[in-house]
Amino acid sequence: MRKRLLCIAPDDAHTAALMTGPIHDWDTCCVDNLADADRVLRADGYPVGLLLRTRALLRSFDLDGFLRRHRDTQWIGVFRPHDVDHAACRDLIVEHLADYHTEPVDPRRLAWTLGHAHGWAQLRRPSASQDDAGLLVGRADTMVRLRAQVARVARVDAPVLIWGESGSGKELTAQAIHARSGRASGPFVPVNCGAMPPNLIQSELFGYERGAFTGAARARAGLIESAHGGTLFLDEIGDLPKDLQANLLRFLQEKTICRLGSTRALRVDVRVIAASHVQLQRAVAGGHFREDLYYRLAVLPVTVPALRERREDVVTLAEHFFHLYADERSPRLTGFSNRAVAALLDHAWPGNVRELINRVRRALVMADGRLVTPQDLGLEPARVTTAALDDVRARTERLALRECLQRSGRNVSRAARELGVSRTTLYRLLSKHGIQP
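Residue 342 in numbering that gives the first Met the number 0 is what sits at position 343 of the sequence shown, and the numbering runs on without skipping anything.
This is how it looks when you write it as structure tokens:
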């Protein structure tokens, strides 16, 4: 299989000279600006990217933002020797590049570097099951822990109880567990217990036989039965009427169901994942939820963090949804303005990720200019105070520390060298931000 390379170079002649060397056997796409590169990568991802005359590209609009959007590509830079003396180039290398070369370029060494980057890209490529878990976007500590929990609970078949505020991503978490489990090839059947009329829940969940009630002209399998071999996701389980809670408890204990109007027990192989935006312990204490059912469901409890608890992910998520719903935006809309980013960080997000999705999609349709403004998002412009600036600075510092530790394999000495500080200073910064080395 031929390797694929995206080359971004303002100088076509310089590119042509390299393409005749040992990397001539790559499938190479060459562009001369970041806008074209952005379109190419959105349409067809490339595992490896080559930035030629990178110093010139630094003068392009938002190179940092471009590389953040396409962080899954392994980037190699080529600089003039004196370029590396500039702080902007050094920051670019440390933050975004897998490796770099200085001119004059040795084509054989460059070919080896690109081949190595291609190997890393293949190793980092997620499997089909991991890709769904990867939809849990974010680098905050709470999301790192959530993805680790998803990986652990997916390995077993015990019931899972997911708690999280409305709009925080409980169903997406359930889908990630299903996708990484041994049942991934089976059905994932979501049921919103709070949306079904109480008089229909019994027949919808358990099914019915012909003649079981007026209008039952033929037998019908219920949602539990339709999830056989896969996963049943019971959303807002706290809204399930108490009489049906007993039937669900019997199913969890015996793994059998009886259709409405039948006396024959049917064995069903289903993994149950339940979710609730209310604390079920309080519902149990208030007499609204069966205690025995709660303990049956809460074998593996998982908590989905609210968006306000992972503010460092707000901009990353906004950019993710900007690209996810790109077909809804005007062609001239390119991203978020600095004022929009400040407004996103300043907002309290009572509706969590669902609210963020709605605001981003609204902005994609309503924006008139090249960049999304706070007004397009339906947000008030952020109040820039000393405290707000300090908060932004602290979030930026915390994110930089986490990413540096991740790149260095949590090796403190290597991370300190990369940041240009002593080990003592790095330990002090880690302690300041509550990060474990």
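Heads up, the beta-carbon is just placed ideally off N, CA and C, and yes, glycines get one too.
Excluding sequence positions up to five away, which residues of its chain have a Cβ less than 6 angstroms from the Cβ of residue i?
i, result
"Asp98", "Ile75 and Thr112"
"Ala139", "Arg309, Glu311 and Asp312"
"Gly185", "Gly228 and Gly229"
"Pro197", "Pro240"
"Ile7", "Val30, Ala36 and Leu50"
"Asn351", "Glu164, Gly166, Ser167, Ala305 and Leu306"
"Leu332", "Ala366"
"Ser261", "Glu208"
Between residue i and residue j, which are expected to be in contact by the criterion C-beta below 8 angstroms, what is the C-beta distance as a whole number of angstroms?
i, j, result
"Val77", "Leu51", "5 angstroms"
"Asp26", "Arg3", "5 angstroms"
"Ala415", "Leu404", "Contact doesn't hold; Cβ gap of about 10 angstroms is too wide."
"His432", "Arg397", "4 angstroms"
"Glu318", "Arg68", "6 angstroms"
"Leu292", "Leu247", "7 angstroms"
Measuring straight from C-alpha to C-alpha, what distance separates residue i and residue j?
i, j, result
"Ala282", "Val188", "25 angstroms"
"Thr315", "Ala153", "26 angstroms"
"Asp63", "Leu91", "8 angstroms"
"Val371", "Gln280", "43 angstroms"
"Leu243", "Leu378", "43 angstroms"
"Arg360", "Gln374", "13 angstroms"
"Arg1", "Leu323", "29 angstroms"
"Pro103", "Ala116", "20 angstroms"
"Ala492", "Leu296", "The first residue shown for the chain is 0 and the last is 436, placing residue 492 beyond what the model contains."
"Arg144", "Gly214", "49 angstroms"
"Leu199", "Ala339", "45 angstroms"
"Arg89", "Leu418", "11 angstroms"
"Ala173", "Arg179", "10 angstroms"
"Ala273", "Val159", "6 angstroms"
"Pro9", "Cys28", "14 angstroms"
"Asn191", "Lys169", "12 angstroms"
"Ala342", "Phe321", "16 angstroms"
"Arg219", "Arg258", "9 angstroms"
"Val420", "Val83", "19 angstroms"
"Arg409", "Gly118", "22 angstroms"
"Ala284", "Gln278", "10 angstroms"
"Met195", "Leu376", "33 angstroms"
"Phe65", "Asp105", "27 angstroms"
"Glu253", "Gly193", "25 angstroms"
"Arg151", "His177", "12 angstroms"
"Leu425", "Gly114", "34 angstroms"
"Pro380", "Ala211", "59 angstroms"
"Leu344", "Arg70", "22 angstroms"
"Leu265", "Ala183", "23 angstroms"
Can you look up residue i in the DSSP assignment and give me helix, strand or coil?
i, result
"Ala97", "strand"
"Ser336", "coil"
"Pro80", "helix"
"Pro106", "helix"
"Thr230", "strand"
"Gly511", "Any question about residue 511 goes unanswered here, given that the chain covers just 0 to 436."
"Trp74", "strand"
"Gly350", "coil"
"Ile356", "helix"
"Gly118", "helix"
"Ala284", "helix"
"Arg89", "helix"
"Ala218", "coil"
"Ile451", "Residue 451 is absent from the model: the chain starts at 0 and stops at 436."
Considering residue i, what are the terminal residues of the alpha helix (DSSP H) in which it resides?
i, result
"Leu222", "Leu222 to Ser225"
"Gly64", "Leu62 to Arg68"
"Asp242", "Lys241 to Glu253"
"Leu204", "Pro197 to Phe205"
"Arg422", "Arg422 to Lys431"
"Arg307", "From DSSP, Arg307 is part of no alpha helix (DSSP H); its letter is neither H nor E."
"Leu145", "Asp140 to Val152"
Does chain C have any CB closer than 8 angstroms to the CB of residue i?
i, result
"Gly350", "No chain C appears in the structure shown, which is made up of a single protein chain."
Who are the near neighbours of residue i in its chain, counting only those whose CB is closer than 7 angstroms to its CB and skipping five residues on each side?
i, result
"Glu354", "Gly166 and Trp348"
"Ser336", "Leu370, Val371 and Thr372"
"Arg217", "Arg209"
"Val401", "It is Arg, not Val, that sits at residue 401 in the sequence shown. Cβ within range, chain order: Arg138 and Ile434."
"Ile223", "Leu204, Phe205, Leu231, Phe250, Ile256, Val267 and Val269"
"Ser275", "Trp162, Glu235, Ile236 and Gly237"
"Asn357", "none"
Here's a check: name, in chain order, each residue in its chain whose Cβ is nearer than 8 angstroms to the Cβ of residue i, leaving out the five neighbours to either side.
i, result
"Met142", "Leu135, Val136, Pro304, Arg309 and Asp312"
"Thr72", "Leu5, Leu40, Gly44, Tyr45, Pro46, Val47, Gly48 and Ala120"
"Val364", "Glu327 and Arg328"
"Ser412", "Arg422"
"Arg427", "none"
"His287", "Gly237 and Lys241"
Could you give the first and the last residue of the continuous beta strand (DSSP E) run that contains residue i?
i, result
"Thr27", "Asp26 to Val30"
"Pro300", "Leu299 to Thr302"
"Asn191", "Phe187 to Asn191"
"Val271", "Arg270 to Ser275"
"Leu5", "Arg3 to Ile7"
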